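Visitor:
Protein chains: 2
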Amino acid sequence: MYLNKNDIKNLDRIYRLNVINSITGIKPANLIGTVSGEGIENLAIFSSVVHLGSNPPLIGMFSRPDKEVRRHTLENIKSNEVYTINHVKKDHAKQAHYTSAKFDDDESEFEKCGFTPEYLEGYAAPFVKESSCKIGLGLRDLIPIRTNNTLLIVGEILHLIVPDEIVDEKGQFDLTKMEGTGVSGLNVYYGFEKINQFPYARKEELPEFKKSV
Amino acid sequence: MYLNKNDIKNLDRIYRLNVINSITGIKPANLIGTVSGEGIENLAIFSSVVHLGSNPPLIGMFSRPDKEVRRHTLENIKSNEVYTINHVKKDHAKQAHYTSAKFDDDESEFEKCGFTPEYLEGYAAPFVKESSCKIGLGLRDLIPIRTNNTLLIVGEILHLIVPDEIVDEKGQFDLTKMEGTGVSGLNVYYGFEKINQFPYARKEELPEFKKSV
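Protein chains in written order, with the working numbering: chain G, 1179 to 1391; chain P, 1179 to 1391.
Structure (structure tokens):
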């Protein structure tokens, strides 16, 4: 299948949504926990969470603007400046997916989708008790992407909770043991199997690679 | 394991790099193909490729600045304003990983790591022949992230090449059939197995979810 810019523009809308949401490859499935000024907890699945840097430890994620449609996650992050990122476990993929339904302002996805809010003392955003890796962030920047009117939300890690048994002595995670989940497109969920792990790549230690085509 | 902001700051540098690069979950493994003004092809593995929007079809990726150290990918994107994103297949994970070694200015990772450059007529950036999903982009914006002095590279899709057999009638990809690859942290590679796929989430069709904890 070959498509150029014009072909893509002329695709059926849903087909285009699926294709363009699939072409970056696997995406991480994370639940974003926030709370409104009125104390209503919100939980939403995001597949755009991305590592920005390790020192300071920064994470990015993307949101549409909240001008035309209410975006509870973005509104809550703006008003409290804290939010949590929680990995979705394989067994919770379906529940996590349904947090994307349009609930009313006074309904919490925690309750509707069977997740349990959990708090750290002195930190306002709810974590997901069922999650294996939980990150508490503080908002650092909201960067407008003018090309399509979206926003990059930049957060710094203030709290990090991970089970000891999935972190090795070098700080590397075992995503299989963690029962982690990835998404392709808008609604296809995947588990992981480790293929291999390689050392830091040095030119002097380069293996001899043969072309396969 | 619980770490707060201060604990993270005081971690050993390599351990911190591994932990903070792992905590966002699975990341897509993609090879970025570019060419310099002098015609030298460059290929580099990136795990920060992210979907930004479907109409116009935009993809983001992050780069450190090229002020202190030469970053061939960023330099080439700036000078030609075109670049390709190519999915890494499971069998090519090792070769792809080694594109991150520091080669000299006149050495091409295509040759050193056993990949074959491939061109579309009238488009200057090289695709990876061995890749299953190939995307040709045009640079649209370079957005500075001031919090840690990195850059968000925003590109629009001009060309898209995917094998027919991995795209279903709705435009959804089969990442297992595609033999796609994900990365955790800096050097652990994963393959995928499909768990499930769910319909567009509507509140009216919400299943009854029971809490598991």
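The beta carbon of each residue, even a glycine, is placed where N, CA and C say it ideally should be.
The structure displayed is predicted, hence computed values, not measured ones.
Ignoring anything shorter than 4 residues or poking outside the stretch 1195–1264 of chain P, list the alpha helix (DSSP H) runs there in chain order.
Guide: For the stretch 1195–1264 of chain P, whole alpha helix (DSSP H) runs of length 4 or above, ordered along the chain, are 1250–1258.
Visitor: Per DSSP, what kind of secondary structure is G/Asn1365 in: helix, strand or coil?
Guide: Looking at G/Asn1365 - three-state DSSP - the assignment turns out to be coil, as it is neither helix nor strand.
Visitor: Below 7 Å CB to CB, which residues in the same chain sit around G/Asn1129 once its five sequence neighbours on both sides are set aside?
Guide: Lying outside 1179 to 1391, the shown extent of chain G, residue 1129 of chain G is not represented and no answer is given.
Visitor: Who pairs with P/Leu1338 in a beta bridge, going by DSSP?
Guide: G/Leu1181, P/Ile1313.
Visitor: Can you tell me whether G/Gly1300 is buried or exposed? The criterion is at least 16 other CB atoms within 10 Å of its CB, across all chains shown.
Guide: The residue in question, G/Gly1300, is exposed, as its Cβ has fewer than 16 Cβ neighbours within 10 Å.
Visitor: Once the 5 residues before and after P/Ser1257 are set aside, which same chain residues still bring their CB inside 8 Å of it?
Guide: Only Ser1214, Gly1215 meet the Cβ criterion.
Visitor: Which residues of chain P have a Cβ atom closer than 9 Å to the Cβ of G/Phe1224, listed in chain order?
Guide: By Cβ distance, chain P contributes nothing, its closest Cβ being about 11 Å from G/Phe1224, past 9 Å.
Visitor: Mapping DSSP to helix, strand and coil, what is P/Asp1319?
Guide: Three-state DSSP puts P/Asp1319 in a strand.
Visitor: Buried or exposed for G/Arg1248, please, with buried defined as at least 16 other CB atoms from any protein chain shown within 10 angstroms of its CB.
Guide: Result: exposed.
Visitor: Indicate the three-state DSSP secondary structure (helix, strand or coil) for P/Lys1272 in the structure shown.
Guide: In the structure shown, P/Lys1272 sits in a helix (DSSP, three-state: H, G or I).
Visitor: How about G/Gly1316 and G/Phe1305: are their beta carbons less than 9 Å apart?
Guide: The answer is no: Cβ separation not under 9 Å.
Visitor: Counting only beta-carbon atoms, is P/Val1193 nearer than 9 Å to chain G?
Guide: Rather than Val, the amino acid found at residue 1193 of chain P in this sequence is Tyr. Closer than 9 Å: yes.
Visitor: Does the beta carbon of P/Ser1232 sit closer than 9 Å to a beta carbon anywhere in chain G?
Guide: Closer than 9 Å: yes.
Visitor: With three or more beta-carbon pairs closer than 8 Å as the criterion, would you say the stretch 1339–1349 of chain G touches the stretch 1322–1337 of chain P?
Guide: Judged by Cβ distances under 8 Å, the stretch 1339–1349 of chain G makes no contact with the stretch 1322–1337 of chain P, as fewer than three pairs qualify.
Visitor: Hey, would you say G/Thr1294 sits closer than 9 Å to G/Lys1312, going by beta carbons?
Guide: Result no, Cβ atoms of G/Thr1294 and G/Lys1312 do not sit closer than 9 Å.
Visitor: Looking only at its own chain, which residues have a Cβ that is under 8 Å from the Cβ of G/Asp1185, when we skip the five neighbours before and after it?
Guide: Correct list: empty, nothing qualifies.
Visitor: Closest to G/Asn1220 by CA distance: which of G/His1270, G/Glu1289, G/Lys1389, G/Ile1331 is it?
Guide: When each option's Cα is compared against that of G/Asn1220, the closest is G/Glu1289.
Visitor: Mark G/Leu1364 as exposed unless 16 or more other C-beta atoms lie within 10 angstroms of its C-beta, in which case mark it buried.
Guide: Buried, since its Cβ has 16 or more Cβ neighbours within 10 Å.
Visitor: Cα separation between G/Lys1280 and G/Val1361?
Guide: Cα to Cα, the separation comes out at about 20 Å.
Visitor: Under 8 Å between beta-carbons, which chain P residues line up against G/Pro1206? List them in chain order, please.
Guide: By Cβ distance, chain P contributes Thr1202, Gly1203, Ile1204, Lys1205.
Visitor: Please check the pair G/Cys1291 and P/Phe1387, which I expect to be a contact at CB under 8 Å, by giving their CB distance rounded to whole angstroms.
Guide: 5 Å between Cβ atoms; contact.
Visitor: Nearest-angstrom Cα distance between G/Gly1211 and G/Leu1298?
Guide: The alpha-carbon atoms of G/Gly1211 and G/Leu1298 are separated by roughly 13 Å.
Visitor: Tell me, to the nearest whole angstrom, how far the beta carbon of P/Ser1310 is from that of P/Lys1267; I am working on the premise that it is less than 8 Å.
Guide: Rounded, the Cβ-Cβ distance is 6 Å, consistent with contact.
Visitor: DSSP three-state call for G/Glu1357: helix, strand or coil?
Guide: It is coil, neither helix nor strand.
Visitor: Answer with buried or exposed for G/Arg1318, where buried requires no fewer than 16 other C-beta atoms within 10 angstroms of its C-beta.
Guide: G/Arg1318 is buried by the Cβ-count criterion.
Visitor: Quick check on G/Glu1383: does DSSP put it in helix, strand or coil?
Guide: Residue state, collapsed to three classes: helix.
Visitor: Taking only three categories from DSSP, how would you classify P/Phe1461?
Guide: Nothing can be reported for residue 1461 of chain P: it is not among the residues displayed for chain P, which extend from 1179 to 1391.
Visitor: Name, please, each residue of chain G whose Cβ falls closer than 9 Å to the Cβ of P/Glu1371.
Guide: Here the neighbours are Tyr1368, Gly1369, Phe1370, Glu1371.
Visitor: How would you list, in chain order, the residues of chain G whose beta-carbon sits under 8 Å from the beta-carbon of P/Val1227?
Guide: Neighbours of P/Val1227 on chain G, chain order: Thr1202, Gly1203.
Visitor: Take G/Ala1222 as the anchor and find which of G/Ser1278, G/Asn1196, G/Met1239 has the nearest alpha-carbon.
Guide: Closest option to G/Ala1222, Cα to Cα, is G/Ser1278.
Visitor: Hey, quick one: how far does the alpha helix (DSSP H) through G/Phe1288 stretch, first residue to last?
Guide: Segment 1287–1290, the alpha helix (DSSP H) holding G/Phe1288.
Visitor: Just mark G/Tyr1367 as buried or exposed, buried being the case when its beta carbon has 16 or more other beta carbons within 10 Å.
Guide: Classification of G/Tyr1367: buried, given that the 10 Å Cβ count is 16 or more.
Visitor: Please list, in chain order, the residues of the stretch 1270–1283 of chain G that have any C-beta partner in chain P closer than 7 Å.
Guide: Within the stretch 1270–1283 of chain G, the qualifying residues are Ala1271, Lys1272, Gln1273, His1275, Tyr1276, Ser1278, Ala1279, Lys1280, Phe1281.
Visitor: Does P/Phe1305 get closer than 9 Å to chain G when you measure Cβ to Cβ?
Guide: It does not; no Cβ of chain G falls within 9 Å.
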